[in-house]
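Colleague: Per UniProt numbering, residue 1 is the first one in the sequence shown, and the count goes up by one each step. This is the structure I have questions about; it appears just below.
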Amino acid sequence: AMLRQVLARGRPALGGRGLAGRALSTEIQKVGVVGLGLMGHGIVQVSAWEGFDVVAVEKEQKFLDLGVDRIDQSIAKVLKSTEKRKPDMLPEVEATAAAAKARIEYSTDLGALADCDVVIEAIVEDMAVKTPLYQSLNEICKPETILATNTSSLPVQLMADASGRLDRTVGLHFFNPVQMMKLVEVVKLETTAPEVFDACMAYSKAIKKVPVSCLDTPGFIVNRLLVPAMAQAMLMVDRGDASIEDIDTAMQLGAGHPMGPLTLADYVGLDTCMFILQGWVDNFPDEPAFIVPECLKAKIAEGKLGRKSGEGFFKWDGMKRL
Ligand SMILES: NC(=O)c1ccc[n+]([C@@H]2O[C@H](COP(=O)([O-])OP(=O)(O)OC[C@H]3O[C@@H](n4cnc5c(N)ncnc54)[C@H](O)[C@@H]3O)[C@@H](O)[C@H]2O)c1
């Protein structure tokens, strides 16, 4: 996947922006990332690949080691795939990869983020864990540092309130896998300074993503439309309107979706779907699109969490739906 990006982009040995790009570019030059899990490691990789200096932070050495591994393995995959499909480009891509790795500073100390222009937070989706982090970031980072959250389901306003940086907080919502998915939702608070928003749009473009912007509403754009569609598909299952297979086939072939809503729910994880929907139901009881279907509760009670547990609405063998 990364290879396709590399090839599409052309001239990877220049490391993306090159010197001219940097001179023209925004105020964001140094990017901090906190949390090197599923999302954070990808954000580190694409930022370093496109020429940004990156400070990558985890809470403990063992998680930092895991993060380094994830990034190294993902870069190794790009090289392996280049070797197989475009061997003549291998030296160039190897040089880009080496330059990208050299731009990443790893640390377990939040202090390493002090002079970053933006810090992107990609830690667990739990406000009790995020709040103290934003308080620390406000104390540690220079006054200009923009604080950006990758949260999928929490209000960005909570991060701004926790940090006190009402004018310098945004959402930068990436999609999984970050290396492949082109979209970034740039979430603007009413208090976000225009130059902060502009800098985040420019950074998103500089890492070869397509930014869209929206206000701080539940689910932003994509999840506000996708998650209720998954819930509606589950309600059809509850009512017996159609079979699981037919619902998904219909949305693939009739609506042109790459996967049906129930396959997507399995892919995301049924516990994650439940977590998002229940949070919305609790916080927005008057929104009829937010509802927890019975079949979702039942699957979870049976320990069927989707792809990661081997079974949800469908049975799975690793990444493959059976
Ligand atoms: N998984 C997705 O598809 C997806 C998509 C878009 C956005 N998000 C959002 O991104 C964020 C991260 O999700 P993820 O799936 O990458 O989670 P993850 O569990 O894979 O990774 C989270 C990482 O954060 C680290 N961490 C936890 N507390 C920390 C702290 N105080 N300081 C430093 N590091 C800490 C953990 O060690 C872990 O490595 C969440 O807010 C989530 O809502 C997830």
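Glycine is no exception: its CB is placed at the ideal position from the N, C-alpha and C atoms.
1) Would DSSP call ILE300 helix, strand or coil?
2) Any heavy atom of ligand 1 closer than 7 Å to the beta-carbon of ILE120?
3) Is LEU38 a contact residue of ligand 1, with contact defined as CB to any heavy atom under 7 Å?
4) Give every residue of the same chain whose Cβ lies closer than 8 Å to the Cβ of GLY303, excluding the five residues on either side of it in the sequence, and list them in chain order.
5) In three-state terms, what does DSSP make of LEU215?
6) On the DSSP letters alone, give me the boundaries of the alpha helix (DSSP H) that GLU245 sits inside.
7) State yes or no: is the beta carbon of ILE43 nearer than 8 Å to at least one beta carbon in chain D?
8) Whose C-beta lies closer than 6 Å to the C-beta of ALA193 among residues of the same chain, with five residues either side of it excluded?
9) Alpha carbons only, please: which of ILE276, THR145, LYS297 is nearest the one belonging to ALA289?
10) Can you tell me whether LEU183 is helix, strand or coil according to DSSP?
11) In angstroms, rounded to a whole number, what distance separates the CA positions of GLU287 and ILE120?
12) Is it buried or exposed for LYS130, if we count other Cβ within 10 angstroms and need 16 for buried?
13) Confirm the yes/no value for this check: CB of SER152, any heavy atom of ligand 1, distance under 7 Å.
14) Starting from the C-beta of MET251, find all residues in its chain whose C-beta is less than 7 Å away, skip the five residues before and the five after it, and write them out in chain order.
15) Check the DSSP bridge columns for VAL31 and list the partner residues they point to.
16) Within 7 Å: the Cβ of ASN176 and any heavy atom of ligand 1?
17) Where does SER153 sit, in a helix, a strand or coil, going by DSSP?
18) Using the Cβ count rule (16 or more neighbours within 10 Å means buried), how would you classify GLY164?
19) Keeping to the same chain, check which residues put their C-beta closer than 8 Å to that of GLU105; ignore five residues upstream and five downstream.
20) Answer with buried or exposed for GLU294, where buried requires no fewer than 16 other C-beta atoms within 10 angstroms of its C-beta.
21) Can you tell me the Cα-Cα spacing of ALA148 and VAL196, whole angstroms?
22) With which residues is ALA148 paired in a DSSP beta bridge?
23) Report the rounded CA-to-CA distance for LYS77 versus LYS86, giving the unit in angstroms.
24) Name, in chain order, the residues that DSSP records as bridge partners for LYS59.
25) Could you tell me which of CYS200, ASN176, PHE313 sits nearest to ASP238, measuring between CA atoms?
26) Find out if the Cβ-Cβ distance for the pair ALA122, VAL33 is shorter than 8 Å.
27) Within the present structure, is the beta-carbon of GLY312 separated from the nearest heavy atom of ligand 1 by less than 7 Å?
28) May I ask you to check if the CB of GLU294 is nearer than 7 Å to at least one heavy atom of ligand 1?
29) Between ARG224 and the rest of its own chain, which residues show a CB-CB distance below 7 Å, the 5 nearest in sequence each way excluded?
30) As a quick exercise: from LYS101, GLU311, ASP271, ASP72, pick the residue whose alpha carbon is nearest that of VAL292.
31) Please state the DSSP three-state secondary structure of ASP109.
Modeller: Considering the structure as presented:
1) helix
2) no
3) yes
4) SER309
5) strand
6) 244-255
7) Structure shown: chain D not included; a single protein chain is present.
8) ASP167
9) ILE276
10) strand
11) 30 Å
12) buried
13) yes
14) HIS257, GLY260, PRO261
15) VAL54, VAL118
16) yes
17) coil
18) exposed
19) ASP53, VAL54, VAL55, ALA56, ALA112
20) exposed
21) 10 Å
22) ILE120, VAL170
23) 13 Å
24) LYS59 pairs with nothing; no bridge assigned.
25) PHE313
26) yes
27) no
28) no
29) THR217, PRO218
30) ASP271
31) coil
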